[in-house]
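Inspection log for the structure reproduced underneath, given as structure tokens.
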Amino acid sequence: MKRVMALLGCWLVGGLAPVFAAEVPLPTAVNSRVINAELLALWSNPAGNLVLVAGADGTLRRSSDGGRRWQQLAVAGAPRIVSLVSGTGGVVLALAEDRLLRSADDGASWTVVDFPAGLQMSSVVFHKSSGAWLAASTQGILRSTDGGLTWRMVHALGRDTPMLALTDTASGVLFAGGAQGTLLRSADGVSWTALPTGETTAIARFAVLPGRRGVLSLWADGSVIGLRPDGRGMWRSQVGERTFPSAVAVDPVRSRVYVANSLGQVLSSRDLGHSWTTALVADRLYINALHVDPANGGITAVAARATIARSLDEGEHWQILSSGLPASRLNALQVSPDGQQMLAVGSGGLTLRSEDRGRSWSEQHADLSRYVSDIIGVPGSNTVLVTGVDGLLMRSVDAGVHWWQLKTGMPAEVSLQSLLHDARTAQFLACGPMASILRSGDGGQTWRATQPVPNAGDGSFRQLIADPDSNTLLVLGSPGRVLRSVNGGQEWTVTDAAAEADGSGIEQLAALGRGVFLATRGDGVLQRSTDQGQHWLPVEGRLKGSLYAESASGFAWLMSAGSLRRSRDGGLSWLPVQAPAVTLNYMLRTRAGNLLGFGSAGTILRSVDDGVSWQAQPSGVTASLRKPLLDPATGDIYVPGREGTLLRSRDDGRSWESLPTHTRGHLSRVWLEANGKVLVATGERIVRVELP
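Going by our numbering, the first residue of the sequence shown is number 31, and it counts up by one from there.
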């Protein structure tokens, strides 16, 4: 049963009741979208000019020019859409994990089919012979005769045998497969007959054979059962020992069947599935989609590692045309009616396009699925930079609509942790590995590496800060080193900031202005420098927590678990503050001069007396909150958080509203466009919000 539920988790795409009806209009205005959502499904109309792409985080986009330009469509919430299926009369259904979406105009507008929780749909098919829709669910087969508006159960099964796959055939005969070897046949979609299989595993998918010669049912353990249209004849074969058949394609011209599996193999059959030959595309490469070009018999495979492979000899030999990062993947493939244009989509919004029948490919949208650790804007422009794991260093010049990966010359596995704009030199700096610091003098277009001192230590750099009153830059290394530069990051020296005895422990740096810096350690030792970071001395007492420092006032706060301390003398002495016993991680000074603190479990504290006393403010969320941002022009405050949280206050932090992000991914940083009309939130996702 665990195997069945694992398979079902791959296909779950909606929750229904045995009978449901009514449609709920979706919002007409879209003011946010996830830029790097995973793309899972593609669809096009018969003419090929209308294309839909769907995926996680409520992503549903439409193109009217064959996939060259896209428009985000309005979708309520953050559903994970895994399948797009069309019928007649412009009806398209989009299957998601928690809902069923319906369009009656070829995907231009959408409604949610409103139904009570209960059943979960895994597959939908349009039955051409009757004009009805059929759906496989956790409790049996559902049928709709009004274009997907209402559904009724026509063949009920127990919860132990969920139905997972459906297929129509040229003769109008329907087949359905499920868990525990369940296989059903129907001539009209109303009456269903069970067929004996002898299988104990679950169905994976179907392959409809050309010329009305039947159907192949492919099972999760690699076994194959061939079926005649009348269901009276069966034959068996195997496409691998315990290997999941991950994709299938049929060549109707040459009567060939191709099945890909999770081992990176493509098996081909010249006798309608009775026997198979095996070819290796790439070892352990999970192949997600196959396409056969009927004009020349060429086969295209899209797979994990953003791989596109091609065979011109009926699957015997394969050529890798494109590949990417180990964590990238391509999930779906769509081909125009004439076979000339091809689209492949996958993780992080990755979109590749071919204009020559798959011989060559260009990137429309990069894979941005990697975690974004920092974001910074180029002052006075719509240009924004982000850094993150796996060498992520991206630049957008249109406030986050389009992104370009920047070349660094560094290994792909390097994680870049922090970005800094040095206002005095107009330089941008990025840091990550101890081997180098990256610098850019042209607004982030090009970058060059600067080697720090030879004895900088191992590990990686993780924080860059600047003294607002001098040319001093500091970078925090792990483990436990602080480096200093006074010439815009060209040269660096190691300071005497002391780590713990084991060589680790410096956790955070803060600049108080006028050459004063603070550094926290994991053991509670707080160090202080008054000579622009050259020399450091410990402050008396055990002072653990996160630092917030203000260069204008010289005030500093130390936030630790359940307590808050304040310094009014540049970090030399610290006094406890009266505040609720909560944990804060970030603070912000509002335009009105008040203080706000943000922490775990949706905690927001507010002080109107310069931090002497604090009062809790209702946030309306329970997610942990991250680094806030103040719009100096309006006084509005934005706060990201876990589980897709994005809060805004327009009254100095007294009250808060949640802005839609269409994601449950964790957000940790925000950036505001120069004119205050667009907000970009980053973390596990990149979310672009158009502000009213």
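For glycine and all other residues, C-beta sits at the position ideal for the given N, C-alpha and C.
With 16 other Cβ atoms within 10 Å as the buried cut-off, status of residue i
i    : result
Q493 : buried
N705 : exposed
K657 : buried
P259 : buried
V431 : exposed
V642 : exposed
N326 : exposed
G627 : buried
G552 : exposed
N517 : exposed
V708 : buried
Q645 : exposed
A232 : buried
I716 : buried
V612 : buried
W477 : buried
V283 : exposed
Helix, strand or coil at residue i [DSSP, three-state]
i    : result
A725 : It is not possible to answer for residue 725, since the shown part of the chain is limited to 31 through 722.
R242 : helix
S448 : strand
G379 : helix
G85  : strand
Q169 : coil
E53  : With a pLDDT of only 40 at E53, under 50, the local geometry of the prediction cannot be trusted, and no value is derived from it.
N79  : coil
A59  : Since pLDDT at A59 reaches only 44, below the 50 mark, its modelled position is unreliable, and no value is offered.
F585 : coil
R425 : strand
P275 : strand
H692 : coil
P441 : coil
N318 : strand
Residue nearest to residue i in terms of C-alpha spacing, selected from the options
i    : options                : result
D386 : G207, G328, L625, W348 : G328
L114 : S152, R98, D95, A106   : S152
Q447 : F491, L320, L213       : F491
L415 : L70, R699, G88         : R699
L213 : G219, D561, A224, L567 : A224
G418 : D404, D87, L542, E570  : D404
D251 : R215, G261, Q210       : Q210
D399 : S377, R235, M589       : Note that residue 399 corresponds to Ser in the displayed sequence, not to Asp. It is S377.
K275 : V289, G263, D313, S285 : Reading off the sequence, residue 275 comes out as Pro, not Lys. Comparing Cα-Cα distances from P275 to each of V289, G263, D313, S285, the minimum goes to V289.
P463 : L577, E229, A609, S508 : S508
S94  : D87, A106, A77         : A77
P606 : G584, G207, W265, G575 : G575
V121 : E673, V651, A138, T308 : A138
F458 : R98, A529, G88, Q520   : Q520
G410 : L82, A429, H395        : A429
Q371 : S74, A67, T675, P690   : S74
Integer-rounded CB distance, given that residue j should sit under 8 Å from residue i
i    : j    : result
P109 : R129 : 6 Å
A166 : A195 : 6 Å
W348 : S341 : 5 Å
A711 : P662 : Their Cβ separation, rounded to whole angstroms, is 19 Å, which puts A711 and P662 out of contact at 8 Å.
Q557 : A527 : 6 Å
L397 : G379 : Looking at the sequence shown, residue 397 is not Leu but Asp. Right, the Cβ-Cβ distance comes to about 7 Å (below 8 Å), so this counts as a contact.
G178 : L123 : 5 Å
D198 : K158 : 6 Å
L320 : A374 : The Cβ separation is near 12 Å, so there is no contact.
V408 : L422 : Contact doesn't hold; Cβ gap of about 18 Å is too wide.
I111 : L70  : 7 Å
W604 : L573 : 6 Å
D666 : R680 : 5 Å
S649 : I634 : 5 Å
Residue span of the beta strand (DSSP E) that contains residue i, given as start and end
i    : result
I65  : First-last for I65: undefined, no H or E at that position.
A479 : 478 to 480
V612 : Looking at the DSSP string, V612 is not in any beta strand (DSSP E), and its letter there is neither H nor E.
H185 : 182 to 186
V717 : 716 to 720
G418 : 414 to 418
N291 : 286 to 291
N361 : 360 to 365
W265 : 264 to 268
E537 : 536 to 543
E393 : 392 to 395
Any chain C beta carbon closer than 8 Å to residue i
i    : result
I536 : No chain C appears in this structure, which consists of one protein chain only.
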